[in-house]
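Residue numbers (the working numbering), protein chains in the order written: chain A, 53 to 165; chain B, 8 to 124.
Note that the Cβ used here is the ideal one computed from N, Cα and C, for glycine as well.
The structure is reproduced here in structure tokens:
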């Protein structure tokens, strides 16, 4: 299955600033997914990122707050903009590889102070 | 709308015993996939097992097996011979069907499993 390198693994940020999270996959994949996991909660899909097209956002998530880039089939970034303490979460990227081949990045643990 | 429900916020099991983690789902589409993931305190998501809606046999992967009861829309995870390292959060998830939704996973609320020595 695919290997994903996700950076940074954790960060502490000031409110009002932005953080960009990167995911690099070791092979080409069509679909990449970005999830948020708030403290003690389950994973919630933020958006689906396909190469060459705009990301598709889920209800409750907007591009101005979570802009996503997908410049090629092995790389994607998620930016958390104008952060507030409510954005403190684990952010995870994921790729679909075959019937049962979802692979997740190791996650970015974000704390906003 | 598709929905995944895990009704056990926490479960406790003695080391070397078996434990069942419950998962029910709701979908009107005949084609779907069900997954179980383990999330240790480090936060990574570890794939455990997969069951397709058309699979005739219940899935097994080492100490993990999936008790798939399609008519009851349940997909319970059975962990045999629990180990201390099994202590973690466990998520049930469903791959959403449909051409526009394909690939998306919907997750249950999770169950925290604690294995006692």
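- At least 7 Å separates the CB of residue 69 of chain B from every CB of chain A.
- At least one C-beta of chain A is nearer than 7 Å to the C-beta of residue 114 of chain B.
- Three or more beta-carbon pairs drawn from the stretch 88-106 of chain B and the stretch 16-30 of chain B are found closer than 8 Å, and the two stretches are therefore classed as touching.
- Residue 29 of chain B sits in coil when the DSSP states are folded into three classes, being neither helix nor strand.
- For residue 54 of chain B, the enclosing beta strand (DSSP E) has its first and last residue at 53-59.
- The C-alpha of residue 68 of chain B lies about 22 Å from the C-alpha of residue 146 of chain A.
- Chain-order list of chain B residues neighbouring residue 100 of chain A: 110 and 111, by C-beta distance under 8 Å.
- Residues of chain A whose Cβ lies closer than 7 Å to the Cβ of residue 24 of chain B do not exist; the shortest such Cβ separation is about 26 Å.
- A direct Cα-Cα distance of roughly 42 Å separates residue 117 of chain A from residue 70 of chain B.
- Beta bridge pairing from DSSP links residue 63 of chain A with A:162.
- Between the stretch 76-95 of chain A and the stretch 112-130 of chain A there are three or more C-beta pairs closer than 8 Å, enough to call the two in contact.
- Spatial neighbours of residue 94 of chain B in its own chain (CB-CB distance under 7 Å, excluding positions within 5 residues in sequence) are listed in chain order as 120, 121 and 122.
- Between residue 50 of chain B and chain A, the shortest Cβ-Cβ separation is below 7 Å.
- Residue pairing by DSSP places residue 132 of chain A opposite A:71 in a beta bridge.
- Within 7 Å of the CB of residue 117 of chain B, the CB atoms of chain A belong to 94, in sequence order along the chain.
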